[in-house]
Amino acid sequence: MGSAIHLYALAMEPETRAVARGLRRRDPELLDSLIAKYEYRLYRYLLYLTGSPDTARELFQETWLRVLACGHQYDGVTRFEAWLFSIARHLVIDLGRRRQMASLDEMLEPEKGGGAWEPPAPEAVSPLTQFAGHEQTEKLGAALAQLLPIYREVLLLRFQEDLSLEEIAAVVKAPLSTVKSRLYRGLNAARELLEAQGS
Amino acid sequence: MRHHVDDAKSAGTDNDLHERARRLIDMERVERLTASDQRWLEDHLAACERCANWASATDAALRVLRTTPVSVPRDLATSAQFVVRRRANELRAEHTRNVALAIGCTLSWVFGVASAPLVWKVCAWLGATFDLPRVIWVLGFLTWWFVPLSVMGLVILWQRRRWESESRVFGSRWEDR
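So the protein sequences, as listed, match chains L and X.
Residue numbers are given in numbering that gives the first Met the number 0: position 26 of the first sequence equals residue 25, and the series is strictly consecutive.
Residue numbers are given in numbering that gives the first Met the number 0: position 9 of the second sequence equals residue 8, and the series is strictly consecutive.
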């Protein structure tokens with residue numbers, strides 16, 4: 000009877016709580032299932048942010064290593080994907096900073112070799128251009144590439160990941176009003192760019 | 000003259016209406032509309048082709064954004080699972096080592112406290128036997144007492160340094176790219 004109640008309680012437990020408990024225990028089965036479940040969405044998010052499949056792939060692994068290391072920080076109240084995306088976003092920012100610092104170092108000491116890291120060209124920024132064969136995809140790729148990253152990011156989180164405004168604010172660490180204004184501006188810019196591509 | 004002013008006013012009002020409609024079209028997709036705004040927008044879109052087209056264009060853009068496929072590398076999940084499992088094993092082993100270290104330190108501290116009177120006597124006897132100044136054998140006693148603490152400190156420092164160098168190696172992987 001007791002175990003039946005326990006099983007019932009487990010079944011009734013919100014998924015986020017179960018995830019939080021599993022992360023605290025560093026449950027390998029849970030991590031495997033989370034990696035499989037969020038494979039596509041996390042990779043797509045990283046790909047859109049970084050513009051490079053290789054970097055997105057590396058950051059994908061790094062994100063899960065962070066989830067493993069910092070799993071105890073997940074509260075089990077917010078949606079797991081919002082927490083996951085905020086970790087991924089931090090890693091993208093860290094990478095950007097490191098590359099910026101590296102390129103600055105190389106600029107100051109050019110004899111140390113290696114060309115400075117350059118931001119990818121607009122056509123390379125959009126990973127979507129690689130997935131040719133779909134006219135709209137190409138148009139969107141080109142349009143998204145021209146969007147400012149702050150707009151691109153909130154559009155992706157809102158309309159691809161279906162995060163709520165509050166969740167987006169938590170991911171990008173910005174006030175709700177800022178998120179809204181970025182969304183409106185981003186939507187406007189995306190529409191204008193798509194129209195321009197279409198005409 | 001009055002006719003011109005009325006025309007301008009009416010054009011201004013018209014523009015305001017379309018402006019409001021477009022604002023509400025975006026708002027409907029980003030957040031939520033109040034029931035009255037929703038009703039007003041529906042009425043306006045039913046009557047205004049230009050704004051209806053605007054709404055369709057917005058929906059088309061969002062549909063493309065939502066449905067654009069991304070090709071995921073075939074072994075993305077499996078390789079991440081492998082790396083995460085390996086790291087989880089390392090963390091587990093590290094945890095076991097830390098627990099063993101903590102138990103060892105606690106035991107040595109307990110033993111040190113329990114044996115302190117005896118060691119004090121031994122040090123005093125050695126001091127008397129070899130005719131050493133008091134300060135020397137007291138220092139010897141303190142050194143003996145602090146040995147476990149020093150060893151523990153050294154082990155922790157070594158572990159931290161190893162962890163830092165591992166992080167640096169990991170970080171440099173990105174910089175090398």
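Cβ atoms here follow ideal geometry from the backbone N, Cα and C, with glycine treated the same way.
Everything numeric in this text was worked out from a predicted model, so none of it was measured.
Cβ of residue i within 7 Å of any chain L Cβ
i: Arg65 of chain X; result: yes
i: Ala60 of chain X; result: yes
i: Asp15 of chain X; result: no
i: Arg31 of chain X; result: no
i: Arg86 of chain X; result: yes
i: Gln158 of chain X; result: no
i: Asp25 of chain X; result: yes
i: Val98 of chain X; result: no
i: Asn52 of chain X; result: no
i: Thr57 of chain X; result: yes
i: Gln80 of chain X; result: yes
Cβ of residue i within 7 Å of any chain X Cβ
i: Ile34 of chain L; result: yes
i: Asp31 of chain L; result: yes
i: Met150 of chain L; result: The question names Met, yet the displayed sequence has Tyr at residue 150 of chain L. Answer no: the Cβ-Cβ gap between Tyr150 of chain L and chain X never drops below 7 Å.
i: Tyr37 of chain L; result: no
i: Arg190 of chain L; result: yes
i: Tyr42 of chain L; result: yes
i: Glu122 of chain L; result: Here Glu122 of chain L scores only 40 on pLDDT, less than 50, and its place in the model should not be relied on; the value that follows carries that caveat. Chain X, which has no Cβ nearer than 7 Å to the Cβ of Glu122 of chain L, makes this no.
i: Pro27 of chain L; result: yes
i: Trp63 of chain L; result: yes
Nearest-angstrom Cβ-Cβ length linking residue i and residue j, presumed shorter than 8 Å
i: Leu64 of chain L; j: Val82 of chain X; result: 7 Å
i: Arg190 of chain L; j: Ala51 of chain X; result: Actually they do not touch by this definition, with Cβ atoms about 15 Å apart.
i: Thr49 of chain L; j: Ile86 of chain L; result: The pair is not a contact, with the Cβ atoms about 15 Å apart (cut-off 8 Å).
i: Val18 of chain L; j: Phe79 of chain L; result: 5 Å
i: Ala79 of chain X; j: Phe59 of chain L; result: 6 Å
i: Leu46 of chain L; j: Ala55 of chain L; result: 4 Å
i: Ala76 of chain X; j: Glu160 of chain L; result: Rounded, the Cβ-Cβ distance is 18 Å, inconsistent with contact.
i: Lys179 of chain L; j: Val29 of chain X; result: 7 Å
Selected residue, minimal CA-CA separation from residue i, among the options
i: Tyr44 of chain L; options: X:Leu44, X:Val69, X:Trp124; result: X:Val69
i: Asn97 of chain X; options: X:Asp36, X:Trp157, X:Arg19; result: X:Trp157
i: Ala45 of chain X; options: X:His17, X:Val29, X:Leu64; result: X:His17
i: Val71 of chain X; options: L:Arg88, L:Pro52, L:Glu57; result: L:Pro52
i: His43 of chain X; options: X:Thr66, X:Asp130, X:Val150, X:Leu23; result: X:Leu23
i: Asn187 of chain L; options: L:Leu67, L:Glu57, L:Ala169, L:Leu146; result: L:Leu146
Extent of the continuous alpha helix (DSSP H) run through residue i
i: Cys104 of chain X; result: 75-128
i: Thr57 of chain X; result: 48-66
i: Lys36 of chain L; result: 27-49
i: Gly70 of chain L; result: Here Gly70 of chain L belongs to no alpha helix (DSSP H), and DSSP marks it neither H nor E.
i: Glu165 of chain L; result: 164-171
i: Arg31 of chain X; result: Premise fails: Arg31 of chain X is in no alpha helix (DSSP H) and is neither H nor E.
i: Leu22 of chain L; result: 14-24
i: Pro148 of chain L; result: 148-154
Residue i Cβ short of 6 Å to the ligand GDP heavy atom set
i: Leu29 of chain L; result: With respect to the ligand GDP, the structure shown offers nothing to examine, as it has no ligands at all.
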